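*Asks:* 145 is the number of the first residue of the sequence shown in our numbering; add one for each residue after it.
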Amino acid sequence: MLKSNRKIRNKSVAFDVFATEYDFAATLQSQNDFFTKNLSASKGTALDIGCGSGILAFELAKYYDRVVAVDLSEKLLDIARHKRPAPNIEYIQMDVSSLEELEDRKFDLIVSCSTFHHLKHLPTTFQAIKILLNPHGKVVFLDNVSEVETPATLGYIIGAARNYMPDCSKYGFRNASRLLKFRFSPSWLKHLASDRYLSEGRFKKIYGRYFPGCYFVKLGCFMGVIWEYL
145 MLKSNRKIRN KSVAFDVFAT EYDFAATLQS QNDFFTKNLS ASKGTALDIG
195 CGSGILAFEL AKYYDRVVAV DLSEKLLDIA RHKRPAPNIE YIQMDVSSLE
245 ELEDRKFDLI VSCSTFHHLK HLPTTFQAIK ILLNPHGKVV FLDNVSEVET
295 PATLGYIIGA ARNYMPDCSK YGFRNASRLL KFRFSPSWLK HLASDRYLSE
345 GRFKKIYGRY FPGCYFVKLG CFMGVIWEYL
């Protein structure tokens with residue numbers, strides 16, 4: 145196995161460890177609105193890359209005839225199949241570096257949320273995505289950006305503590321307390337310490353090179369990318 149692929153699989157093991165709590169946190173902090181506001185004109189098929197526990201895929205299934213949702217973490221996929229089944233969703237365990245296995249399919253919409261910063265070879269992934277896209281299809285991505293490639297663990301801890309009271313107002317005391325416990329958990333902090341983020345400038349340069357004419361939307365610590373294949 146290539147070293148880069150081994151690192152990706154190690155990420156999968158990490159997500160397996162905290163899959164239940166990750167699903168809880170991701171459900172509270174869903175970014176679905178960004179995607180549903182930027183759907184493709186044709187609504188035949190959609191692909192969700194790094195679907196996790198199926199939060200976005202399940203929402204897309206309301207709009208598209210068929211949704212294919214892929215992720216490397218089997219435990220997250222188990223949660224997706226249990227909590228978010230739908231007759232028009234196909235959940236597949238797949239390494240993102242193996243998207244060519246879907247080359248006999250074409251998609252009107254390809255989405256990904258908070259996945260690509262885990263990958264070392266974005267150009268290969270982006271080329272595969274463009275091959276899978278139907279003419280006039282659309283890609284909509286959302287991923288983390290940071291001027292510091294790997295923020296210090298202490299910064300995450302301080303940030304989680306600072307957000308606790310606002311989270312109590314937004315999600316309620318019980319949910320906010322559970323979210324804080326997850327954010328303080330050693331397994332989650334260890335995962336964050338292995339993340340590598342692009343700065344806003346590098347993000348725009350790299351994504352703009354492979355998706356010329358795309359436009360960007362800044363959403364807090366996230367950067368959105370929207371591009372249509374004309």
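All C-beta atoms, glycine included, are put in the ideal place defined by N, C-alpha and C. For clarity, every value in this text was computed on a predicted model and none was experimentally measured.
(1) Applying the criterion that 16 or more other CB atoms from any shown protein chain within 10 Å of the CB defines a buried residue, is residue 257 buried or exposed?
(2) In whole angstroms, what separates the C-alpha of residue 331 from that of residue 173?
(3) With which residues is residue 210 paired in a DSSP beta bridge?
(4) Closer than 8 Å is the cut-off here; do at least three beta carbon pairs connect the region 258 to 271 with the region 344 to 358?
(5) Using 8 Å as the threshold, is the region 272 to 289 in touch with the region 226 to 238, meaning 3 or more CB pairs across them?
(6) DSSP beta-bridge partners for residue 368?
(7) Any idea which residues DSSP pairs residue 384 with across the strands?
(8) Taking the C-alpha atoms as reference points, what is the distance between residue 361 and residue 289?
(9) Residue 247 by DSSP, collapsed to three states: which one?
(10) Put residue 182 into one of helix, strand or coil per three-state DSSP.
(11) How about residue 201 and residue 192: are their beta carbons less than 8 Å apart?
(12) Taking Cβ to Cβ, would you say residue 282 is nearer than 8 Å to residue 218?
*Replies:* Looking at the coordinates:
(1) buried
(2) 19 Å
(3) 189
(4) yes
(5) Here the region 272 to 289 does not lie against the region 226 to 238, with fewer than 3 beta-carbon pairs under 8 Å apart.
(6) 286 and 361
(7) A query on residue 384 cannot be resolved here, the shown segment of the chain reaching from 145 to 374 and no further.
(8) 12 Å
(9) Residue 247: coil per DSSP, three-state reduction.
(10) coil
(11) yes
(12) no
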